[in-house]
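*Asks:* Heads up, the sequence shown is in the working numbering, so the first residue is 22 and it goes up one at a time.
Cβ coordinates follow ideal geometry from the N, Cα and C atoms, glycine included.
Here it is, the structure, as structure tokens.
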Amino acid sequence: MENAKLALLGGEKSVSRSLADVSAKVVPQKAYKTIETMLDNGQISEAPIVKEFEKKFASYIGADYGLCVVNGTTSIQAGLFAVGVQPGDEVIVPSFTFWATVGPVVANGAIPVFADVDEDTHNLSAASVEKLVTEKTKAILLVHVWGNPCDMDAIMAVAKKHNLKVVEDCSHAHGATYKGKKVGSIGDVGCFSMQGSKVLAAGEGGILVTSKKEYYDRAVALGHYERCRLLGEDSPYAQYSLTGYGYKHRINPLAAAVADANLDRLDEMNAIRSKNARRFEELLADIPFIKFQKEPEGADKVFAYHYAQYVPESFGGVKLGTLLYALAKEGVSCGSCGYGRLHYAPLYNKEGPFGQEFPFNLKGYPNGNVRKLPNTERLGQTVFMAAPRFETATEADLQEYAAAYHKVAANMEALLAYEKEQAEATTIANNGRSINYVKV
Ligand SMILES: Cc1ncc(COP(=O)(O)O)c(C=O)c1O
Numbered sequence: 022m023e024n025a026k027l028a029l030l031g032g033e034k035s036v037s038r039s040l041a042d043v044s045a046k047v048v049p050q051k052a053y054k055t056i057e058t059m060l061d062n063g064q065i066s067e068a069p070i071v072k073e074f075e076k077k078f079a080s081y082i083g084a085d086y087g088l089c090v091v092n093g094t095t096s097i098q099a100g101l102f103a104v105g106v107q108p109g110d111e112v113i114v115p116s117f118t119f120w121a122t123v124g125p126v127v128a129n130g131a132i133p134v135f136a137d138v139d140e141d142t143h144n145l146s147a148a149s150v151e152k153l154v155t156e157k158t159k160a161i162l163l164v165h166v167w168g169n170p171c172d173m174d175a176i177m178a179v180a181k182k183h184n185l186k187v188v189e190d191c192s193h194a195h196g197a198t199y200k201g202k203k204v205g206s207i208g209d210v211g212c213f214s215m216q217g218s219k220v221l222a223a224g225e226g227g228i229l230v231t232s233k234k235e236y237y238d239r240a241v242a243l244g245h246y247e248r249c250r251l252l253g254e255d256s257p258y259a260q261y262s263l264t265g266y267g268y269k270h271r272i273n274p275l276a277a278a279v280a281d282a283n284l285d286r287l288d289e290m291n292a293i294r295s296k297n298a299r300r301f302e303e304l305l306a307d308i309p310f311i312k313f314q315k316e317p318e319g320a321d322k323v324f325a326y327h328y329a330q331y332v333p334e335s336f337g338g339v340k341l342g343t344l345l346y347a348l349a350k351e352g353v354s355c356g357s358c359g360y361g362r363l364h365y366a367p368l369y370n371k372e373g374p375f376g377q378e379f380p381f382n383l384k385g386y387p388n389g390n391v392r393k394l395p396n397t398e399r400l401g402q403t404v405f406m407a408a409p410r411f412e413t414a415t416e417a418d419l420q421e422y423a424a425a426y427h428k429v430a431a432n433m434e435a436l437l438a439y440e441k442e443q444a445e446a447t448t449i450a451n452n453g454r455s456i457n458y459v460k461v
């Protein structure tokens with residue numbers, strides 16, 4: 022079977038079932054019933070389910086407070102505001118992430134400073150962070166990429182040493198743990214996207230968690246004017262119930278109902294995804310050109326997305342695009358990676374049409390943000406989505422996926438010949454998104 026003809030060259034494809042066959046439905050049945058009742062009652066703007074869900078999720082994460090917002094991007098904006106990031110402050114961020122981690126830094130008038138990641142974990146490296154600390158640094162904004170917890174002991178030690186706040190972007194990592202604690206409960210604030218592709222999906226939605234009342238109060242004041250009066254007399258933010266701070270971040274309660282139903286099955290689904298993903302990695306262990314993402318010691322990741330690093334030197338220099346195209350033709354749901362380029366983005370590097378408030382126009386800021394980030398750039402070139410979430414996959418599906426990889430691995434010469442003739446077919450599209458399935 023392994024030396025059989027590639028599907029790319031007219032052979033039979035290895036994988037018989039589709040992406041939909043191996044994935045669970047995004048919206049659980051329970052949500053349908055709840056939403057029907059809410060629609061009946063006209064609860065389409067405010068509803069008790071929002072606060073119920075906030076309480077349930079905060080307790081699940083191990084934090085005292087939860088606050089729903091319109092999306093994950095906003096949860097980060099609110100998280101930075103909550104810990105007191107001010108215009109002109111520097112916030113250390115990775116470039117190996119979706120733009121929405123970094124965008125809110127600029128939206129808060131602060132300056133993103135890009136640090137490098139660890140090549141094995143794909144996550145922000147504490148050593149790289151520490152080198153970039155200046156007297157203007159206010160916070161570290163980290164991401165648990167693809168669901169893999171950062172090495173939190175090392176990051177928290179840097180934060181403590183330099184008196185920095187830590188905001189966790191947990192958009193991929195609902196339920197992941199580090200040394201027994203859920204991510205989102207270790208730094209000062211945890212921020213979660215609940216966009217439709219996330220393991221805790223609302224549709225569009227986000228949630229912020231924290232155990233510090235002051236941070237919760239600030240996040241409430243930023244985007245929930247109607248809740249300021251509930252903050253208690255001793256809160257300096259209670260007086261803003263007429264206006265809030267100027268934003269409106271209220272989640273659509275129908276989306277909160279979807280998230281609530283998904284939370285009920287999150288642990289069970291995470292366990293299924295992990296079991297299948299780890300089995301898949303085991304089946305591919307003998308393929309020398311694939312390096313799966315490593316967990317730091319003490320971490321238990323969730324498989325929100327299953328990315329790996331391609332090592333072309335171990336496969337005759339076959340281009341990543343060729344590999345992905347061949348795998349996709351075999352029926353593998355795989356994709357390219359859009360991360361690792363933010364530090365070159367115009368938004369963070371030059372004065373543009375946005376006006377004087379733009380943080381890089383502030384006096385004293387070195388013009389431009391480009392700094393070589395060798396690991397980030399290498400990962401940006403070589404990381405790819407190796408498999409979908411295996412949620413309803415059987416052992417037979419996993420065996421077929423593994424057979425596809427082994428067949429491709431056994432056909433290096435044929436791939437090299439193919440890419441010489443068909444250069445166009447093997448170039449990959451990178452659009453900065455978290456998911457870019459190869460279309461065949
Ligand atoms: C790492 C990361 N951060 C932030 C976000 C932003 O979340 P949202 O799309 O809900 O605004 C996303 C996903 O979209 C993400 O993948």
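In this structure, how does DSSP classify Met215 when only helix, strand and coil are distinguished?
*Replies:* For the purposes of this step, residue 215 is taken as the residue at position 194 of the sequence shown. Here Met215 sits in coil by DSSP.
*Asks:* Taking the beta strand (DSSP E) that Ile113 falls in, what are its first and last residues?
*Replies:* Locating residue 113 in the sequence shown gives position 92, where the first residue counts as 1. Ile113 -> beta strand (DSSP E) spans Glu111 to Pro115.
*Asks:* Considering only residues of the same chain and omitting the five flanking positions on each side of His327, which have a CB-CB separation below 6 Å?
*Replies:* If you number the sequence shown from 1, residue 327 lands on position 306. Same-chain partners within the cutoff: Ala298, Ala407 and Ala408.
*Asks:* From the DSSP output, which residues share a beta bridge with Asn5?
*Replies:* Outside the modelled stretch of the chain, which goes from 22 to 461, sits residue 5, for which no answer is possible.
*Asks:* For Ala282, which residues in the same chain have their Cβ closer than 6 Å to its Cβ, ignoring the five residues on either side in sequence?
*Replies:* In the sequence shown, the residue the question calls residue 282 occupies position 261. So the qualifying residues of the chain are Pro49, Lys51 and Ala52.
*Asks:* Going by DSSP, what residues sit across from Lys186 in a beta bridge?
*Replies:* On the sequence shown, position 165 is the one that residue 186 refers to. Lys186 is bridged to Ala160.
*Asks:* Please determine whether the Cβ atom of His193 lies at a distance below 8 Å from any heavy atom of ligand 1.
*Replies:* What you label residue 193 is simply residue 172 of the sequence shown in a count that begins at 1. Yes, the beta carbon of His193 sits closer than 8 Å to at least one heavy atom of ligand 1.
*Asks:* In three-state DSSP terms, what is Gln98?
*Replies:* As a working mapping, residue 98 is identified with position 77 in the sequence shown. Gln98 falls in the helix class under three-state DSSP.
*Asks:* Rounding to the nearest angstrom, what Cα-Cα distance links Ile65 and Asp141 in this structure?
*Replies:* Mapped onto the sequence shown, residue 65 falls at position 44. Mapped onto the sequence shown, residue 141 falls at position 120. Cα to Cα, Ile65 sits roughly 45 Å from Asp141.
*Asks:* Report buried or exposed for Val241, applying the criterion of at least 16 other Cβ atoms within 10 angstroms of its Cβ.
*Replies:* Translated into positions along the sequence shown, residue 241 becomes position 220. Burial call: buried.
*Asks:* Which whole-angstrom value is the C-beta distance of Tyr426 and Leu29, which I expect to be below 8 Å?
*Replies:* Counted from its first residue, the sequence shown places residue 426 at position 405. Counted from its first residue, the sequence shown places residue 29 at position 8. At roughly 14 Å, the Cβ-Cβ gap does not stay under 8 Å, so Tyr426 and Leu29 are not in contact.
*Asks:* Report yes if the C-beta of Asn144 is less than 8 Å from at least one heavy atom of ligand 1; otherwise report no.
*Replies:* Here the question's residue 144 lines up with position 123 in the sequence shown. Because no heavy atom of ligand 1 lies under 8 Å away, the Cβ of Asn144 does not count as near it: no.
*Asks:* Comparing C-alpha positions only, which one of Asp190, Glu151 and Gly168 sits nearest to Leu162?
*Replies:* Within the sequence shown, the letter at position 141 stands for residue 162. Out of Asp190, Glu151 and Gly168, Asp190 has the C-alpha closest to the C-alpha of Leu162.
*Asks:* Could you spell out where the alpha helix (DSSP H) holding Gln420 opens and where it closes?
*Replies:* To locate residue 420, count along the sequence shown from 1; it is residue 399. Segment Glu416 to Ala430, the alpha helix (DSSP H) holding Gln420.
*Asks:* Flag this pair as touching only if the segment 130-138 and the segment 81-98 have three or more C-beta atom pairs under 8 Å; answer yes or no.
*Replies:* Verdict: no, contact absent.
*Asks:* Whole angstroms are fine: how far does the CA of Gly208 sit from the CA of Ala103?
*Replies:* Position 82 of the sequence shown, counting from 1, holds the residue named residue 103. Position 187 of the sequence shown, counting from 1, holds the residue named residue 208. Answer to the nearest angstrom: the Cα atoms are 13 Å apart.
*Asks:* Could you say which of Ser44, Gly32, Ser37 and Phe74 lies nearest to Pro274 if we only look at CA atoms?
*Replies:* Locating residue 274 in the sequence shown gives position 253, counting from the first residue. Residue Phe74 is the option with its Cα nearest to Pro274.
*Asks:* Put Ile207 into one of helix, strand or coil per three-state DSSP.
*Replies:* Translated into the one-based positions of the sequence shown, residue 207 becomes position 186. If DSSP states are grouped into helix, strand and coil, Ile207 belongs with coil.
*Asks:* Given the structure, does Gln216 come close to ligand 1, in the sense that its CB is under 8 Å from one of the ligand's heavy atoms?
*Replies:* As a position in the sequence shown, residue 216 is number 195, starting the count at 1. True, at least one ligand heavy atom lies under 8 Å from that Cβ.
*Asks:* Quick check: the Cα distance between Ala325 and Glu442, rounded to an integer number of angstroms?
*Replies:* Looking up residue 325 in the sequence shown gives position 304. Looking up residue 442 in the sequence shown gives position 421. Roughly 36 Å separates the two Cα atoms.
*Asks:* Any heavy atom of ligand 1 closer than 8 Å to the beta-carbon of Asp42?
*Replies:* Along the sequence shown, one-based indexing puts residue 42 at 21. Because no heavy atom of ligand 1 lies under 8 Å away, the Cβ of Asp42 does not count as near it: no.
*Asks:* Can you give me the C-alpha to C-alpha distance between Lys460 and Lys186, rounded to a whole angstrom?
*Replies:* Taking the sequence shown and counting its residues from 1, one reaches residue 460 at position 439. Taking the sequence shown and counting its residues from 1, one reaches residue 186 at position 165. Taking the straight line from one Cα to the other gives about 42 Å.
*Asks:* Pick out whichever of Glu412, Gly373, Tyr346 and Lys46 has its Cα sitting closest to the Cα of Tyr458.
*Replies:* Numbered from its first residue, the sequence shown carries residue 458 at position 437. The residue with the shortest Cα to Cα distance from Tyr458 is Tyr346.
*Asks:* For Glu421, which residues in the same chain have their Cβ closer than 7 Å to its Cβ, ignoring the five residues on either side in sequence?
*Replies:* Within the sequence shown, the letter at position 400 stands for residue 421. Excluding residues within five positions, the ones whose Cβ falls inside 7 Å are Ser35, Val36 and Ser37.
*Asks:* Please confirm whether any heavy atom of ligand 1 lies closer than 8 Å to the CB of Val179.
*Replies:* Residue numbering aside, residue 179 sits at position 158 when the sequence shown is read from its first letter. No.
*Asks:* Between Ser232 and Ser206, is the Cβ-Cβ spacing less than 9 Å?
*Replies:* Sequence index remark: in the sequence shown, residue 232 carries index 211 (1-based). Sequence index remark: in the sequence shown, residue 206 carries index 185 (1-based). For Ser232 and Ser206, yes; Cβs fall inside 9 Å.
*Asks:* So, for Ala121: in the same chain, excluding its five sequence neighbours on each side, which residues have a beta-carbon less than 6 Å away from its beta-carbon?
*Replies:* Here residue 121 refers to the residue found at position 100 of the sequence shown. Thr94.
*Asks:* Using a threshold of 9 Å, state whether the C-beta atoms of Val166 and His195 are closer than that.
*Replies:* The sequence position of residue 166 within the sequence shown is 145, counting from 1. The sequence position of residue 195 within the sequence shown is 174, counting from 1. Their beta carbons are not under 9 Å apart, which means Val166 does not touch His195 by this criterion.
*Asks:* For Ile228, tell me which candidate among Thr264, Arg271 and Leu252 has the shortest Cα-Cα distance.
*Replies:* Position 207 of the sequence shown, counted from the start, is the residue given in the question as residue 228. The shortest Cα separation from Ile228 among Thr264, Arg271 and Leu252 belongs to Arg271.
*Asks:* Rounding to the nearest angstrom, what Cα-Cα distance links Thr198 and Asn169 in this structure?
*Replies:* On the sequence shown, residue 198 is found 177 positions in, with the first residue counted as 1. On the sequence shown, residue 169 is found 148 positions in, with the first residue counted as 1. So the two alpha carbons sit approximately 9 Å from each other.
*Asks:* Whose C-alpha, out of Ile176, Tyr369, Leu348 and Gly359, is nearest the C-alpha of Ala131?
*Replies:* Position 110 of the sequence shown, counting from 1, holds the residue named residue 131. The candidate whose alpha carbon is nearest that of Ala131 is Tyr369.
*Asks:* For a cutoff of 9 Å on Cβ pairs, would you count Arg38 as touching chain D?
*Replies:* Of the chains in the structure shown, none is chain D; there is only one protein chain.
*Asks:* Going by beta-carbon coordinates alone, are Gly352 and Phe405 separated by less than 9 Å?
*Replies:* For the purposes of this step, residue 352 is taken as the residue at position 331 of the sequence shown. For the purposes of this step, residue 405 is taken as the residue at position 384 of the sequence shown. No, Cβ-Cβ distance for Gly352 and Phe405 is not below 9 Å.
*Asks:* Would you check if the distance between the CB atom of Val126 and the CB atom of Cys171 is smaller than 9 Å?
*Replies:* For this step, residue 126 is matched to residue 105 along the sequence shown. For this step, residue 171 is matched to residue 150 along the sequence shown. Not in contact: Val126 and Cys171 (Cβ atoms no closer than 9 Å).
*Asks:* Grab the span of the alpha helix (DSSP H) containing Lys296 for me, first residue to last.
*Replies:* Translated into the one-based positions of the sequence shown, residue 296 becomes position 275. Run containing Lys296: Pro274 to Leu304, per the alpha helix (DSSP H) assignment.
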